[in-house]
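One structure is given here, and the rest of the page talks about it.
Number of protein chains: 2
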Amino acid sequence: MAYAFTAFAGDRPGIGELLSACFPHFEAAVVPFLAGQEVVGEGDPTESFFLVMRGLFRAVKFTRDGRRQVFAFYMRGDICGLEPDATHKLSIEAVDRAAMAVLPRHACRLRMDDDPRLNAALFEGATRALTLSIDHMLMIGRSSAEERLAWFLTMIRLRSAPSGGDVVELAMQRQDIADYLGLTIETVSRTFTHFKERGLITLPRKRRVEILRPDELRRLAAADRDALPFPHVEPARDLDVAAA
Amino acid sequence: MAYAFTAFAGDRPGIGELLSACFPHFEAAVVPFLAGQEVVGEGDPTESFFLVMRGLFRAVKFTRDGRRQVFAFYMRGDICGLEPDATHKLSIEAVDRAAMAVLPRHACRLRMDDDPRLNAALFEGATRALTLSIDHMLMIGRSSAEERLAWFLTMIRLRSAPSGGDVVELAMQRQDIADYLGLTIETVSRTFTHFKERGLITLPRKRRVEILRPDELRRLAAADRDALPFPHVEPARDLDVAAA
DNA sequence: CGGAATGTTGAGACTAGTCAACCATAGTGG
DNA sequence: CCACTATGGTTGACTAGTCTCAACATTCCG
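Top line first, the protein sequences correspond to chains A and B. So the first sequence is numbered by my numbering: it starts at -4 and just counts up by one. So the second sequence is numbered by my numbering: it starts at -4 and just counts up by one.
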């Protein structure tokens, strides 16, 4: 959902360059944001879409009575805000100090007609966002707290360190994780503790997770799902198995 | 999600005709399905997309251990199967005796280039599907069983009888509703009973719901959400208020 | 009528939520 | 340097809502 995908990843060469080529003032249009600042709000017109240059963003929807659902996290290289409508259905906010490149929507549309590669690239991105959001929804609807957090950690690990690094930095706070997983912060915290007690992870700092047994975590995460988070990132999966 | 939307609705005139014009053998390509039969399975190539002519279909994803999530129901006039990828991420199955018009994907793509109206129509459909799936996810992640069922009934009522008829026929069985809402069939059944006891509905038959107090049901459904299911169907909402 | 599939109800278990207290960390100002 | 505070995170006790398992009822069909 929300049409986010990675533009900088090495396995999809050229999307960054494509965007640079399509938007001459690419560099000039980079806007910085403070933690918590809103990029676009629900109902805002979809005049532009965005490419994350630095930091972390989240797509959220609020409700009258204070409940909140986080639909996606966007990190460096992800594109977001590409909703097929005149107004945004989700708010996009900076999680920490971060920066976005702002890309005019209509210019992109025109370029897509000219350059089939850009078209294909954006399309593939939409595909991956859809795949992820399907797994996200399946997870929220049908998994236990442990399965959800295991899935989250596995996904974040693959996204932030595709080579399979064992230390994950969580830029978002517990409330964001909870709202992403459909849990409360207390349950998230308790589940972290359970994972520590079972030797799956350590928490050298609150926001730093060292994954001791990635295989076990992934088994938990996939227990209710035949596909792993980001199933298309085969190399990382192989690395993990080797490390097990 | 899953890119479903209504093509026959009166408020969007011409989409049906557009499709007829674009696909000369429209009538010939209508395929019947028995209850439970699969239209496409997870991983199948996305060679075509589909227009529901009769009956009800569901988009589902299964897991190894038997858990299941229903992502959408498609009724007469809905288009589905338009995933932006080479393979389907969800299975589409017939819920009852039903029929689909099969529309070749590449032909549609070509036509979209020619006819901007078709392009716009399909785009608008994607928008509405996204809106619905966002509410669906918010609901699954953050609502109680009562809120979920109230939301479901309100949505089904608006979709199946846009004029606001008070009797809703549920073609799907309880298990489908449960898997759509992220609940168990027992909880769905109990919640139906609660609604009966509180005078919100009656159940003349298992699959037939008479909605006695649509306003109250809608209030429950929207308690955690500022948007109602299908907020764009304004006339129906007005009718409901009048009926209250 | 009999049997299978579907739906309802009940009792009890269990997961996650709620509320409250406590802890850790980082920043501030005396 | 040390309180002091604010924010974020953890833990505990208790509660509530949903699930599980089992029995029973209903509907649908042959």
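Cβ atoms here follow ideal geometry from the backbone N, Cα and C, with glycine treated the same way. What you are looking at is a predicted structure, and each value in this text was computed from that prediction instead of being measured.
Residue nearest to residue 187 of chain B within the set B:146, B:154, B:130 is B:146 (criterion: CA-CA distance).
With its beta carbon at least 8 angstroms from every one in chain A, residue 50 of chain B lies outside the interface.
Ranked by how close their Cα comes to the Cα of residue 33 of chain B, the residues B:77, B:60, B:95, B:197 have B:95 in first place. Near chain A, meaning a CB-to-CB distance below 8 angstroms, the residues of the region 75 to 92 of chain B are 78, 79, 80, 84, 85.
Comparing alpha-carbon positions, the option among B:14, B:65, B:209, B:191 lying closest to residue 97 of chain B turns out to be B:14. With a threshold of 8 angstroms between beta carbons, residue 121 of chain A makes contact with chain B. A distance of 8 angstroms or more separates the beta carbons of residue 93 of chain A and residue 36 of chain A. In chain order, -4, 78, 79, 80, 84 make up the part of chain A whose C-beta sits under 8 angstroms from the C-beta of residue 125 of chain B. Against chain A, the CB of residue 180 of chain B has no partner CB under 8 angstroms away; the residue lies outside that interface. In the DSSP assignment, residue 56 of chain B falls within the beta strand (DSSP E) that extends over 52 to 57. Straight across, the Cα-Cα distance linking residue 130 of chain B with residue 116 of chain A is about 28 angstroms. Beyond the five residues adjoining it in sequence on each side, residue 199 of chain A comes within less than 7 angstroms, by CB distance, of 205 in the same chain, given in chain order. Burial state of residue 126 of chain B is buried, judged by a 10 Å Cβ sphere holding 16 or more other Cβ atoms. Each of B:197, B:190, B:54, B:90 was checked against the Cα of residue 216 of chain B, and the nearest Cα belongs to B:190.
In this structure, the CA atom of residue 133 of chain A is about 9 angstroms from the CA atom of residue 62 of chain B.
At a cut-off of 8 angstroms, the C-beta of residue 201 of chain A has no neighbouring C-beta in chain B. In this structure, residue 90 of chain A sits away from residue 137 of chain A, with a CB-CB distance that is not shorter than 8 angstroms. Taking 8 angstroms as the threshold, the shortest C-beta distance from residue 150 of chain B to chain A does not fall below it.
Listed in chain order, the alpha helix (DSSP H) elements of length 4 or more contained wholly in the region 83 to 130 of chain B are 100 to 109. From the listed residues A:72, A:166, A:45, the smallest Cα separation to residue 86 of chain A is found for A:45.
For residue 40 of chain A, there is no enclosing alpha helix (DSSP H), as DSSP marks it with neither H nor E. The beta-carbon of residue 113 of chain A is placed no less than 8 angstroms from the nearest beta-carbon of chain B. For residue 67 of chain B, the secondary structure class from DSSP, reduced to helix, strand or coil, is strand. Across the set B:65, B:47, B:212, the C-alpha of B:47 shows the shortest separation from the C-alpha of residue 71 of chain B.
Beta-carbon to beta-carbon, residue 43 of chain B and residue 99 of chain B are separated by about 5 angstroms, close enough to satisfy the 8 angstroms threshold. Within the same chain, 89, 93 come within 6 angstroms of residue 28 of chain B by CB-CB distance, once the 5 residues on both sides are set aside. Think of a sphere of 7 angstroms around the beta carbon of residue 64 of chain B: the chain A residues whose beta carbon falls inside it are 132, 133, 136, 137, in chain order. Non-local beta-carbon contacts of residue 207 of chain A in its own chain, meaning distances under 7 angstroms to residues more than five positions away in sequence, involve 194, 195, 196, 197 in chain order.
Contact with chain A is found for residue 56 of chain B, since one of that chain's Cβ atoms lies less than 8 angstroms from the residue's Cβ. Within the same chain, Cβ atoms closer than 6 angstroms to the Cβ of residue 25 of chain B are found at 48, 94, 96, the five residues on either side in sequence being excluded.
Residue 208 of chain A carries a coil assignment under DSSP once its states are collapsed to helix, strand and coil. Residue range 169 to 176 is occupied by the alpha helix (DSSP H) that includes residue 174 of chain A. Chain-ordered, the chain A residues with CB closer than 9 angstroms to the CB of residue 118 of chain B read 79, 80. Of the candidates A:172, A:184, A:163, A:172 places its Cα closest to the Cα of residue 64 of chain A.
An exposed status is given to residue 201 of chain B, since fewer than 16 other beta-carbon atoms sit within 10 Å of its beta-carbon.
When Cβ-Cβ separations below 8 angstroms define contact, residue 177 of chain A makes contact with chain B.
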